[in-house]
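Trainee:
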Amino acid sequence: MLNTTWQALLEATRALHRDVPALSDFCDFPDPVTARACDAKHDPLCDAMLGQTALPTLPALQVFHQSAMAAARSAQWRDTYRDTAFGETLHAHFGSFEVVGRDTVLGAEGMRSFLVYQAPGFHYPMHHHPAEEIYLVLAGWGEFHLQGQPSRRLEAGETALHPENAPHALTTHDAPLVAYVVWKGDVEKKPVWTETDPPI
Ligand SMILES: [Fe+2]
272 MLNTTWQALL
282 EATRALHRDV
292 PALSDFCDFP
302 DPVTARACDA
312 KHDPLCDAML
322 GQTALPTLPA
332 LQVFHQSAMA
342 AARSAQWRDT
352 YRDTAFGETL
362 HAHFGSFEVV
372 GRDTVLGAEG
382 MRSFLVYQAP
392 GFHYPMHHHP
402 AEEIYLVLAG
412 WGEFHLQGQP
422 SRRLEAGETA
432 LHPENAPHAL
442 TTHDAPLVAY
452 VVWKGDVEKK
462 PVWTETDPPI
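Positions 272 to 471 (the numbering used here) are the ones given, in order, by the sequence shown.
(1) By DSSP, does residue 282 sit in helix, in strand, or in coil?
(2) DSSP beta-bridge partners for residue 423?
(3) Report the residue from 356, 381, 361, 351 whose alpha carbon sits nearest the alpha carbon of residue 368.
(4) Between the alpha carbons of residue 301 and residue 384, how many angstroms are there, rounded?
(5) Using only the alpha-carbon positions, how far apart do residue 417 and residue 276 sit?
(6) Give the straight-line distance between the Cα atoms of residue 304 and residue 448, rounded to the nearest whole angstrom.
(7) Under a Cβ-count criterion, where at least 16 other Cβ atoms within 10 Å of its own Cβ denotes burial, should residue 422 be classed as buried or exposed?
(8) Can you find at least 3 beta carbon pairs, one from the region 386-393 and one from the region 453-467, that sit closer than 8 angstroms?
(9) Leaving out five residues on either side along the sequence, give the residues of the same chain with a beta carbon under 6 angstroms from the beta carbon of residue 334.
(10) Going by DSSP, what residues sit across from residue 443 in a beta bridge?
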């Protein structure tokens, strides 16, 4: 049984996938989504994100953005790279929690999605994973890098598609970035650092 905060986030997420063509085109929204037990895990990046009250978003993204912010304190913030040499540095500037998928109360198969926050002035080095990925910027902006392509500055409402195992990176400058990220395909394997951009 979902509480009202996560029920609202589920409805907002389903609506976001329905209304944003890039998400609708990327994959079907999972059905069913089943309430699961998932302990909250706090991260200081959650506080940093919630402190960014002046970050503008787009009207079309507002309900989802607000619903995700409301759920952030009861979410299980992730430790994806904590056991790597660059992990502590990364997690001092980048945090995420799962919205729909495996490590979240909104349990589903076949797709995983995440709310991510990156502090200003940080370079998240080149990494890759077998899952295909799409970023939808919710607020702030970032410079997105995909190996072999020119870097792109993306703001609220814009998307970046990362094919399976394609190295990609993300740089923030004078603003933080809040984004919604969706994985499809091989969603179980963790990302790894790409040797061409060693993080240490
Ligand atoms: Fe990625």
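All residues carry an ideal CB built from backbone N, CA and C; glycine is no exception.
Please read these numbers as outputs of a predicted model, since none were measured by experiment.
Mentor: Reading off the structure:
(1) Note: residue 282 maps to helix in three-state DSSP.
(2) The partner list for residue 423 (beta bridge, DSSP) reads 415.
(3) Taking only the C-alpha atoms, the option nearest residue 368 is 351.
(4) Cα to Cα, the separation comes out at about 11 angstroms.
(5) Residue 417 and residue 276 have their C-alpha atoms some 35 angstroms from each other.
(6) Distance between the alpha carbons of residue 304 and residue 448: 27 angstroms.
(7) By the neighbour-count criterion, in which a residue is buried when 16 or more other Cβ atoms sit within 10 angstroms of its Cβ, residue 422 is exposed.
(8) The region 386-393 vs the region 453-467: no contact.
(9) Hits under 6 angstroms: 283.
(10) Its beta-bridge partners do not exist; DSSP assigns none.
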